[in-house]
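Following: one structure in structure tokens, then a few remarks.
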């Protein structure tokens, strides 16, 4: 067997040539397109694993634009987004950060879990997110005026909001906001089948199981099983792992470390499989 | 369709050749001009999205001066404002920050959301903000004496003041301060129509809706819908999104994540559209 | 006697040519392989010294892949994982961090005690840990698309979880999770004999002793004696240290500094040896 | 109209050729001169806008010494004061900070709002502020022995002292301290007239107004209106802004954001103008 | 009299050619050697000044290995231990930190007061402290496999442990641990005589005095007088300082600043000398 | 009048050719010399302004050694003491910090207010402060063995000790400690006369005044007036400032900002002058 090496891409090459599979939950595609045509930035809200990233991939394919994703975190600085000077081969050159790169080339810039970012990260997007649509790059003494193609999107999970990690009103009130949630049972079953190749009977049981765990949210679980976890379990089953072990590894142990909750969740799965 | 790229501008090229649309709320234009003629710096106070930035654009056009805006944040350092040495092509050169650039060329420097900045940022402007009007640049061992054209302005939202994020009296007492608020109903309707192209009937309903949300401030909402949000909703409607969905995406979801407040706000919009 | 110097290896040379000794506790090998074949990342949970690292070495041998381990800590940055530019001999060159190196060459990257890492470390793996399997390297303006061989694994001890040091749901729900614990008595005795060369009678007593200390967990001890500590004590005994001194140095003093607990644990060992 | 650019000065060129207008409050000029002749450093205490900076300008003119002012803040490091190595054109050169520059050339170094500075800033002045009068510059491996002309002065506002921001006794007990306060009514009126060109009737009313606000200190206001604010209001009036609007913008809004206090202060001004 | 200059040594030259004076307290030498022969790292526990450092010097002499000591502290980073790139004469070269140096050359690396170190320091030793015995050096993209001669040891004072400064179980459970304490009276007297040259009568009194102060531990004193302090006092006496003054300066004032405790301790010494 | 410039000295040139005036309080000179002859480091304790620095200058003169003083603070790093690599003229050279410089050349290194330093600063001196007398310089991969001339001394004010800012026992128990306090009345009067040239009557009154303020310590004052403050006041009087104004500026205002305490202290002085 040949040992493969990673494929190296520029961000602009991260284009979707095939339609990413996405099942719409409501009018989110139409609202996103209307916002995009009016140059308004978009904010996606919803729990982990419910399809926000896939939706962005789908929109990138519809608009035929490169998708530049930035996973936000505590230590993400404005320079990480805008760019910095680097010394290479004796010459100092400016290297655009992902945000500047997206503005310059008219791509989509998607800031994933934006509430995790430091405050300077959210403030640096203010002039881009209102009708100025400019990115000041103080270090090079220039302003970038975004072309109409540029699209700014960001996401977060409102379930984790705290006083410390909250979007300021002056940031929120620049965005058109779309709410995401888990799909209804029939749709979720269809997604699990499509993504894992499992049969419809098992997919139906997995969805039933997920909905039981979601009822435990706030009663010992921080979050119920996401659609993504169902796909994981289904893939393990297709690879000949028994349903009980698959549910334990892909779902129960992924959800919690609490031994009482683990027993409860494992009993739920035992009653179904 | 051609794919566009960003236009690259120097800060001095950020001049307004056409009058930015602005509806005065009171005597703010006269007071700003009197302060400017006397070399006094100006402080704009008011909630997000009520027109402070647009007012600055309008004044920049009236005074025919470039407008250099700095979005302030927790990690903005004095060096970010004043400048730093950078190595380029083997040579070390000094690059003015936006504040030094504005002082040197006699432009407007507008520090947006200044209370977010670190303390050193607000202190570095002290000698510029009193009758000395000088900017010490310790790293180059020089002082810049501001020309009469130079104008220092800054803004913040007093509704968010906390003990930690407060302007010191020694900073405040250097500025002439102007208070901004949402325009009255007739004026706000006019602005929404002008900015979005929506008909007057719908604009009137949107303003009514906004004023209802502003009454919820402090009763579950941190802030009511700003004029900017009304313009967003109106633009979505003009792009054929239904009023209820437009209000939900552009206003309700932008204002809050709380499910009870979302229901309340959505009911308000349902009663109007 | 010749004085030896360290052998210097590249990470890719850290391959296991001989099977690392590992006794399976359940179906962990099958689940790991099913996850690996489906490109799903794996999370190992369990107390210190129970065999998680040895399991990874064993899996690396089974899959014939280099094992690149990163011991996580408070100050581990995303750059430590992804890489940085270094100036060498007048030239600036990019040096892959251990994570990028593993992605690029299709190796196993094992993040040990991942909850100790800063949040940016866990976020940087998000796009690698879902079906995108890409590593954005903003500093070089490139994306690495992981080859099928690449395997992401991480571990932590759920017994130490606190509010501050917890995996976010958005991280957890990307992994298939395996729970580890101390082996049962017969198996543990077999491991101690095999690793230290001690006789079975002494090994049986050591296992008995360990199980007594594990009953004290939460009653003065943070943790009971791990299998590793038993191996240490056994090795000291084989090197002619008396059992009581060996248990005191290798087990009791390694477990706690509390003088009451030390007396209690030493009495336990005195009753056995 | 010609557009002017900033005048660029070295710190040594910041000399006062004309006497800066200053009205003495007591024996502060004599005490400052006696301290200066004995090589003792001076500490100015008092509220913002009462004339401390102007006093220093006046003393610089009397002593015919350049005045080097450093506005202190949280992030001011010892290196900012003493100096650092910078690479310029392939050569590394030492650049004196403002304190070293003042010591080397025998100027006045005035540390404004010194309690804001980090602790290393206040400690670095200790050997300069006692009878050693030396500045150790560890980075260049040298000591500077201050010439008799060198004068060290610093200021702060004792009204803002907190446990965290307090001068250590070992710092305080190196300085001769002068207390400043607002001038009495007649003197303050004279100053307002002189600085703004307003008539004496209006100046008298402004002073009356200021004294009313000072009575509100601690009862809703952090600080009353400083002499500087009166000059601001007077300048706006001279520029044809109505007295009520001038007092609101230059004084009330500059003092507070609290709506009740704003009403109270605006009523006071309405009763006077 | 000639003025001497410091002797400059490489760490490998820090070898003990003469036996460092050490009086064993129990079987610590045998246990250390058994651990060393089995490649197990060693942890020394005990109060300050009781002989841990001297024991390490003695073992270094017995094993004829260079002793590389690192005094740990809050700001000790993993790079401080492992090494860093430095630019010298236009070339960038890698400089091993003390830990990498000890691994590479097969020396003893002794981390003194290891609980003071930052967490990354303790984690970086994990792969060295279990049966892998490797040091990953991410910055050079290499692993060092320790030769059999390499010995890892560390120490701390369990009396100072706090929740914040505690060894993690995953660190502790990698080490063989040895407990140290003050020697018994006869042995301590012998040590004091040997180290200072004082007569046995005075040495006996000093030991009596030390034991009195040790009884005050936890009753006003953080720690009693260590053997080292007795040697200090004895040396001052040999240099003609009176016993009372010697005990006050070398012992009482070194132990505490509390005036009541100082009186109590000084009275104890007055009763003996 | 000629304008003077600073004299530039190397630390080794900071030698005392004339005897610095010092009045002994007890046997501190003998104990210091005995400690020095035995290679033991010395710790000076006492309030600010009581003569600790002068004592060190006096001892430096007696031992005819250069005195290298480091004023410690929160941000003083180990590198600040030990040294760092600097790039100069294309070459990277090592520059000794003040501690390494003192060790290398056999000078006195005096760490003033050592409890203010970061923990790494105090730990870096441990191997220098016990019988090893070595300074490890990890960055150059060398150890400096101190010559017999090298002398380590440090000071702090025990009155300010807090839990956070305290010398660790492992640091304290390496030093011979000397306690300093204000001199008795006759001696203090003599010092004031000698230092300022004031007549004995006034000096006696000043000492009386100082002792009154020292009784207020802990009753509103953090610290009473130090001998240094008396010298300041006396110098102002000699320069024709009236006694009441001199005491207010040099003593009362230097001690406190509290208006009640200021009145109390000023009344005390009014009763005496």
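Protein chains in written order, with full-length UniProt numbering: chain A, 1 to 273; chain B, 1 to 273; chain C, 1 to 273; chain D, 1 to 273; chain E, 1 to 273; chain F, 1 to 273.
Glycine included, each C-beta is placed from N, C-alpha and C at the ideal position.
Please read these numbers as outputs of a predicted model, since none were measured by experiment.
If you draw a straight line from the Cα of residue 115(D) to the Cα of residue 123(D), it is about 12 Å long.
Spanning the alpha carbons of residue 47(C) and residue 77(C) requires a straight line of approximately 25 Å. Between residue 115(A) and chain C, the shortest Cβ-Cβ separation is not below 7 Å.
By the rule that beta-carbons nearer than 7 Å mark a contact, residue 34(B) touches chain D.
Within 9 Å of the CB of residue 147(C), the CB atoms of chain A belong to 3, 4, 5, 6 and 7, in sequence order along the chain.
Within the model, the alpha-carbon separation for residue 27(B) versus residue 244(D) is close to 12 Å. Listed in chain order, the beta strand (DSSP E) elements of length 3 or more contained wholly in the segment 23–57 of chain B are 42–45.
Chain B places a beta carbon closer than 7 Å to that of residue 48(D), counting this residue as a contact. The Cβ-Cβ distance between residue 42(B) and residue 176(B) falls below 7 Å.
The contact set of residue 85(E) on chain C, defined by CB atoms closer than 7 Å, consists of 86 in chain order.
Listed along chain E, the residues sitting closer than 7 Å to residue 229(C) by beta-carbon distance are 173.
Residue burial is scored here from C-beta neighbours: residue 73(A) has at least 16 other C-beta atoms within 10 angstroms and is therefore classed as buried. Annotated three-state conformation of residue 63(E) is helix, per DSSP. The beta carbons of residue 151(B) and residue 36(B) sit closer together than 7 Å. Neighbours of residue 98(A) across chain C, judged by C-beta separation under 9 Å: 136, 138 and 141. As summarised for the UniProt domain "CbbQ/NirQ/NorQ C-terminal" (188–270) of chain A, the continuous alpha helix (DSSP H) elements at least 4 residues long and confined to that stretch are 200–215, 227–238 and 243–247, given in chain order.
When the alpha-carbon of residue 182(C) is set against those of 168(C), 255(C), 68(C) and 207(C), the nearest one is in 207(C). Boundaries for residue 124(F): no beta strand (DSSP E) harbours it, while the alpha helix (DSSP H) harbouring it runs 119–124, taken from the DSSP string. In this structure residue 241(E) is buried. Its beta-carbon is surrounded by 16 or more other beta-carbon atoms within 10 angstroms. Partner residues in the beta bridge of residue 84(B), as assigned by DSSP, are 95(B). Take residue 102(E), set aside five residues on each side of it, and the residues of its chain with a beta-carbon closer than 6 Å to its own are 68 and 109, in chain order.
Note on geometry: alpha-carbon atoms of residue 167(F) and residue 257(D) lie some 46 Å from one another. Annotated three-state conformation of residue 129(A) is helix, per DSSP.
Under the 7 Å criterion on CB atoms, residue 226(E) is classed as interfacial with respect to chain F. Pairing residue 86(F) with residue 218(C), the inter-Cα distance amounts to about 52 Å.
When the five nearest sequence neighbours on each side are left out, the beta carbons in the same chain lying within less than 7 Å of the beta carbon of residue 196(D) are those of 231, 234, 235 and 238, in order along the chain. The Cβ of residue 179(E) sits closer than 7 Å to at least one Cβ of chain C.
Residue 146(C) carries a coil assignment under DSSP once its states are collapsed to helix, strand and coil. Residue pairing by DSSP places residue 172(E) in no beta bridge whatsoever. The C-beta distance from residue 173(B) to residue 228(D) rounds to 6 Å, short enough to fall under 8 Å. Looking from the CA of residue 170(A), the closest CA among 57(A), 202(A), 113(A) and 126(A) belongs to 126(A). For residue 110(E), the uninterrupted beta strand (DSSP E) run begins and ends at 108–112, by DSSP. By DSSP's assignment, residue 156(D) forms a beta bridge with 45(D).
Distance from the CA of residue 146(B) to the CA of residue 189(B), rounded to the nearest whole angstrom, comes to 41 Å. When C-beta distances to chain C are compared with 8 Å, the residues of the segment 37–66 of chain E below that value are 37, 38, 40, 43 and 45, in chain order. CA-CA distance, residue 185(B) to residue 225(B), rounds to 13 Å.
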